[in-house]
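Input: a single structure, listed below in structure tokens.
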Amino acid sequence: MLVSVSEVERVSKLSNSISDSLVITKRQILQLTRVPEVLIFSTIQPVMFVLLFRYVFGGSIDTGQPGGYVQLLMPGIFVQTVAFTLAGTAVGLSSDMQKGL
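Rendered as structure tokens:
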């Protein structure tokens, strides 16, 4: 069976991408063990926002739908958490690019 050069290059690029991702993941996990406040903050922050927006501001917003805006709360908190995480990732990536990995 003949294997084309493009297939070998594609497999090589894929394995390099996986290897790079694993190295960066390992590095990030090591950093989290050194600064546990980041892990605690990233875990507690979405819970605080859910409680705040559900029980503090829950009755003040009327959408005219059954269930009110609470039906939109969890998807919104999920998107917000992803956005905050992406911002932190961008800052870390920028720092790595300036200082070197």
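Residue 142 is where the sequence shown starts when you use this note's numbering, and the numbers rise one by one after that. The beta carbon of each residue, even a glycine, is placed where N, CA and C say it ideally should be.
- At the C-beta level, Tyr210 and Ile202 come within 9 Å of one another.
- With a contact defined as Cβ atoms closer than 8 Å, Leu163 and Leu173 miss out at about 16 Å.
- Here Thr222 has Pro187 as same chain residues with Cβ atoms under 7 Å from its own Cβ, once five neighbours each way along the sequence are excluded.
- The DSSP-derived three-state label of Val164 is helix.
- Per DSSP, Pro207 is not a residue of any alpha helix (DSSP H), being assigned neither H nor E.
- Rounded to whole angstroms, the gap between the alpha carbons of Phe182 and Pro207 is 33 Å.
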